[in-house]
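S.K.:
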Amino acid sequence: MYDLKIIAIDHIKDQSYLTKVQDYLLRLRPYARIDIQELKAESFSVRNQDKAQQTEGQKLITALSKYTPDQVYLLREVGQRFDSVQFASWLQKKRDTVVLVIAGTLGFDQGVIKKYPQSISLSALTFPHELARLI
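Just remember that the numbering used here sits 5 ahead of the position in the sequence shown, which is counted from 1.
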């Protein structure tokens, strides 16, 4: 059984996404233990985007502090790509909890990327964080 932790900035606001995510989690229950931790997104305007991104980055670094960097994978548009079979095989080889991290609207702060350089790419496209969680 896989042991996954998903840490995401913000919660799912759209009920249709939430329903689909909950359904998918139920389907995965026989194969994986999945724990989701949502961190509050920072409100921002054009003038304070950098500050909001840094604050969200600090929240992520704090939440990730109990994991080793080799357990943490940022979900980004760049990074290692898998098909479904490859991803399942990769997960099966992992002994420890795998932590998947989803950024908020502003993306990852550079401090997070430097501290946790491993990335998985769902696609070369950029997705809204709610859709990334469903994928």
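By construction, the Cβ of each residue, glycine as well, lies at the ideal position given by its N, Cα and C atoms.
Pick from Ala37, Arg34 and Ala46: whose alpha carbon is nearest that of Thr110?
M.R.: Answer by Cα proximity: Ala46.
S.K.: Tell me the rounded alpha-carbon separation between Thr67 and Phe92.
M.R.: C-alpha separation (whole angstroms): 27 angstroms.
S.K.: Compute the beta-carbon to beta-carbon distance between Lys25 and Val104, rounded to the nearest angstrom, for a pair I have assumed lies under 8 angstroms.
M.R.: With 8 angstroms as the limit, Lys25 and Val104 do not qualify as a contact, their Cβ atoms being about 22 angstroms apart.
S.K.: Just to confirm, are Gly62 and Asp114 a CB contact at a threshold of 8 angstroms?
M.R.: Going by C-beta atoms, Gly62 is nearer than 8 angstroms to Asp114.
S.K.: With distances taken Cα to Cα, identify the nearest neighbour of Trp95 among Tyr78, Glu82, Glu135 and Ala137.
M.R.: Selected option, being the one with the closest Cα: Tyr78.
S.K.: For the alpha helix (DSSP H) that contains Tyr142, what are its first and last residues?
M.R.: Any property of residue 142 remains undetermined from this structure, which presents the chain solely from 6 to 140.
S.K.: For Val106, does the count of other Cβ atoms within 10 angstroms reach 16, so buried, or fall short, so exposed?
M.R.: Val106 should be labelled buried.
S.K.: Is any non-hydrogen atom of the ligand SAM found closer than 7 angstroms to the C-beta of Gln59, if you look at the structure I gave you?
M.R.: Of the ligands one can find in the structure shown there are none, so the ligand SAM has no counterpart to examine.
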